[in-house]
Amino acid sequence: MEMKLFSLLILLVVVPIGVISSDQPLNDDVLGLIAFKADIQDPNGKLVSWNVDDDNSCKWDGIKCNNRSNRVTELVLDGFSLSGRLGRGLLQLQFLRKLSLAKNNFTGSVTPNLTQLENLRFLDLSENSLSGPIPDEFYQQCGSLRSISLANNKFSGEIQDGLSSCLSLVALNFSANQFSGLLPSGIWSLHGLRSLDLSDNLLEGDIPTGIEALNNLRSISLRKNMFTGLVPDGIGSCLLLKSIDFSENNLSGNLPSTMQKLTLCNNLNLHENSLSGQVPDWIGEMKSLEALDLSGNKLSGEISISIGNLQSLKVLNVSNNALTGSLPDSISNCKNLLVTDFSQNSLTGSLPSWIFQLGLQQVLLSGNRLSGSMDSPFSPLGENSQKVQVLDLSDNALSGDIPSAVGGFNSLQVLNLSRNSLDGGIPASIGQLKALDVLDLSENKFKGSIPLEIGGAISLKELKLEMNFLTGTIPTSIQNCTLLTTLVISRNNLTGQIPAAVAKLTNLQIVDLSFNELTGTLPKELANLNNLLSFNISYNQLQGELPAGNFFNTISSSSVSGNPSLCGSAVKKPCPTVLPKPLVLNPNSSDTTPSGSIPESLAHKKKILSISALIAIGAAAMIIIGVIAITVLNLRVRSFPSRSTKALSFSGGDDFSPSPTTDANSGKLVMFSGSPDFNTGAHALLNKDCELGRGGFGSVYRTVLGNGRSVAIKKLTVSSLVKSQEDFEREVKKLGKIRHPNLVALEGYYWTPSLQLLIYEFVPGGNLYKHIHEGLGGNFLSWNDRFDIILGTAKSLAHLHQMNIIHYNLKSSNILIDGSGEPKVADFGLARLLPMLDRYVLSSKIQSALGYMAPEFACPTVKITEKCDVYGFGVLVLEVVTGKRPVEYTEDDVVVLCDMVRGALEEGRVEDCVDGRMQGKFPADEAIPVIKLGLICTSQVPSNRPDMGEVVNILELIRCPSEGQELLV
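Read left to right, the sequence shown gives residues -22 to -1, 1 to 947 (mature numbering (1 follows the signal peptide of the UniProt record, and there is no 0)).
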């Protein structure tokens, strides 16, 4: 009786009087459902059938009843677009067994009385906007529940230990919420549990012991939390487990050997943790594995050959570790393998023959030390090679040609061979790859022209060929690649005009043709490229007026600089207006010159003009002859490098004494201390395998002295660096006297008129760019490492500026990391070796540092000072803290790091900019002031930037705030 009164009270309170029918009594189910409907919004009218005039609720949408009692047993309203709060009307459905309100927009908290429905077995409130903690009372009467899903809501607080009262639970899903705190050990008392998903929360601490009690567990996911400690040893007792996902936590130590007993497990995902040790040999005992992901850990040693025992394996990912050795041949036994990812390790050896014989769809081997040619795995190729969709061999030491057989990879969508030492020509068979979306051959040594057949790759969206030695013209056949969005062929030796065919690629967003030898005028049709985000043609020999309209009305000056004959507002140079001069004859003249002939006075002027033209032509011819002569001499010098190198003769100490060698090709070598044996060094200079890198000022090689010590030798580019021997030695002598813990020491030099070498100390730890963006050695930099690098770099620049030396070329690839993690700044002062400090020449030499260049480089009236180094340092600070490059290209935009961080600061979310790979492990009271300091250093006005001495003081106060007052507001 009391329940009836309560039901009527609910109905009177929440249901409008006008909809209550007095003809028939309403049962509890109808009362409860009408009360539930009154509390919510139904914008799409999904519940229109819920009418109080129809007392048979079993016919309503989303309702199922017991055939005998006609009582509601299931309420399933998934995806009905309902909103509002979960009212008490549901409590009237006393025979309800299944309640599913998933994929709606319900808000508020969950009522703890919901579990009082004694018959409720299945509760699904996933994918809503419910929030707040789950009260302990919610679990007190949940004994009948077999499945609970609260996934994808906004629940918070701790998971109460009362959950252990739900003894009948078979499935528990609390994923994608904001639950925090420790995982209660009582959860292991749910012995009937088969599926447990607590992923994507904020849970922390060790995974509690006792998991071995879950004898029925089939699936467990603790992914994307903050768990620490070891993978629990007891997990090996859950013999029915088929899926384990502990990824994206901070688990450490070795994998427990008990896991080898999980012979039914088909999915093991442990990526993005801090696991160490080797890939265990017992991994081959987990013979049901179909997916194995150990990526993003600290695993070392060689890849276990026991992986070859995993006959069911389809996906193997061990990327981003510190694995060494070669790829085991035993993997050829994994006949079902579809995806392999070995990228970002230290694997050596050659490409294995099995990579194209297993029917793999994805082959990812980037960021290793693989060497040799690509010929072996391409011969012979079977039908399985046609299944390859992604082939990424970038950032290795592969050499030789691309086999023409690559054209047989009919399914290939991504081909990335960038950052290797591949040479020869680009094979014409590339044009046979009709499914190819991305082709990246950048940063190799390819020669010859871009093949005309490239137009056959009609699905291309990204074409990247920058930093090679390509010659010839841009093929007009490229117009067939109508889906192309990215075209980057900068830093080559391309000639000729930009073809009008480029203007037919209407999907183009990013175009970079900079640093080539392109000539002629720009096709006016380029103005029709409505999707352009970036169009860089800087440092070519283009001329005439820029296209008018759309993107080109607002193109940045840096994108067109270095083309002296271009004109228009972007280059701040007006285009001349050329109008024909009219021929005016005096009608009163008595001259009787016949019609159609030239008056004598005009004929005289024509003769004078012809003489002037002859003089101009003669001058131009002399210039051309001079250029050709210099070019021939340079080519002659470059074609006989061994003669200059073998002629090294030595003098030691600080006395710059001339070499006693009198041969015309001999040079002068000076070491600032000692006279080491360079016999092996001269040979190494000619060995491309010893090349460490190339920059705007030349190539760098590693060589070993007679005493076993390594040095780095920079072979300077002859063009624009040739000074007199006296000037060269004077400047180098100044640089050689500079000593600082954070500067790479210059130890000597070698001089001939055609070959100049600078000899530096060798820093073994690689450059900062690779540590930040490529995780050199498998480890990403901690906050303390990053702060020390920023501070050390600042101290080195302050020291240089005290000696009146401007670096000019500061960037992360010019900062080396020594064995103790200390930064050492390289390439300082090389601009002093230029014949004249011309902005155009200087900019061409530091072309790879465009993202770091201060804005005053683009303004000829502003003086270049040490403040340009401060600007570059500010960009570097933001790069180190955020882990992002100074300029990044996305599918939809070009993101300038300074602008992105400045916008985040204005919106109050600057902390979000810090590199996410540190997983929140950084002191905000240091990181935020450092970011602000970086933004101050990148001020557009040079006078607003601090001096590097001030920067050092600020950084030291940020680290030790007790020594100074608040720094940055």
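Glycine included, every Cβ here is placed at the ideal spot set by N, Cα and C. The structure presented is a predicted model; accordingly, all values stated were derived computationally and were not measured.
Backbone CA spacing between SER310 and GLU268 [nearest angstrom]: 15 angstroms
As assigned by DSSP and simplified to three states, the class of TYR830: helix
Backbone CA spacing between GLN364 and GLN340 [nearest angstrom]: 12 angstroms
Beta-carbon proximity of LEU342 to VAL368, cut-off 8 angstroms: yes
Beta strand (DSSP E) segment containing LYS646, residue limits: 646 to 649
Cut-off 6 angstroms between Cβ atoms - residues of its own chain near LYS692, not counting five sequence neighbours on either side: GLY676, VAL678, LEU736
Local Cβ density within 10 Å of PHE447, reported as buried at 16 or more and exposed below that: exposed
Assigned exposure category for ILE824 - 16 Cβ within 10 Å defines buried: Low local confidence applies: a pLDDT of 49 at ILE824 is under 50, so the model's placement there is unreliable, and no value is given.
Sub-8 angstroms separation of TYR830 and LYS862 beta-carbons: no
Rounded Cβ spacing between SER177 and PHE157 (contact assumed at less than 8 angstroms): With a Cβ gap of about 11 angstroms, SER177 and PHE157 do not count as contacting.
Same chain, Cβ closer than 6 angstroms to PHE119, five either side skipped, listed in chain order: It should be pointed out that residue 119 corresponds to Gln in this sequence rather than to Phe. Excluding positions up to five away in sequence, the list reads THR93, GLN94.
Cβ-based burial, SER153 [other Cβ within 10 Å; buried from 16]: buried
Close Cβ partners of SER774 (< 6 angstroms) along its chain, the five nearest in sequence each way excluded: HIS718, ASN720, LEU721, VAL803
Which of helix, strand or coil DSSP assigns to ASN130: coil
Per-residue burial, ILE905 [other beta carbons within 10 Å of its own, 16 or more giving buried]: The displayed chain sequence assigns Ala, not Ile, to residue 905. Buried, since its Cβ has 16 or more Cβ neighbours within 10 Å.
Which listed residue (GLY274, ASN151, VAL88) has its alpha carbon closest to that of VAL296: GLY274
8 angstroms contact criterion, which LEU272 and LEU248 should meet: CB distance rounded: 6 angstroms
Beta-carbon proximity check, THR302 vs SER324, cutoff 8 angstroms: yes
Alpha-carbon spacing of ILE261 relative to ASN34, whole angstroms: 59 angstroms
Alpha-carbon to alpha-carbon, ILE112 and residue 956: It is not possible to answer for residue 956, since the shown part of the chain is limited to -22 through 947.
CYS891 versus VAL873 - alpha carbon distance: 13 angstroms
Nearest-angstrom Cα separation, counted from ASN131 out to ASP39: 25 angstroms
Host alpha helix (DSSP H) of TRP761 (start-end): 761 to 780
Which listed residue (LYS265, GLY894, PHE851, MET926) has its alpha carbon closest to that of GLN780: MET926
ASN5 beta carbon near the ligand GTP (any heavy atom closer than 7 angstroms): The model on display carries no ligand, and the ligand GTP is accordingly not part of it.
Host alpha helix (DSSP H) of ILE932 (start-end): 926 to 937
Contacting residues, own chain, Cβ-Cβ under 8 angstroms from GLU889 (five flanking each side not counted): ALA902, ALA905, ILE906
Bridge-paired residues (DSSP) for VAL689: THR681, GLU739
Reduced DSSP category for TRP729 - H, G, I as helix; E, B as strand; rest coil: strand
Short Cβ contact (8 angstroms threshold) for LEU400 with SER377: yes
Selected residue, minimal CA-CA separation from GLU226, among ARG201, PRO210, ASP319: ARG201
Other residues of its chain near ARG937: CB distance less than 6 angstroms, five sequence neighbours each side excluded: none
Euclidean distance between Cα positions of ASN57 and THR85: Note on residue identity: the sequence assigns Gly, not Asn, to residue 57. Computed Cα separation, rounded: 15 angstroms.
Any chain D beta carbon closer than 8 angstroms to MET204: Within the model displayed, chain D is absent; a lone protein chain is all it includes.
Counted within 10 angstroms of its Cβ, other Cβ atoms place LYS442 as buried (16 or more) or exposed: buried
Which of helix, strand or coil DSSP assigns to ASN470: coil
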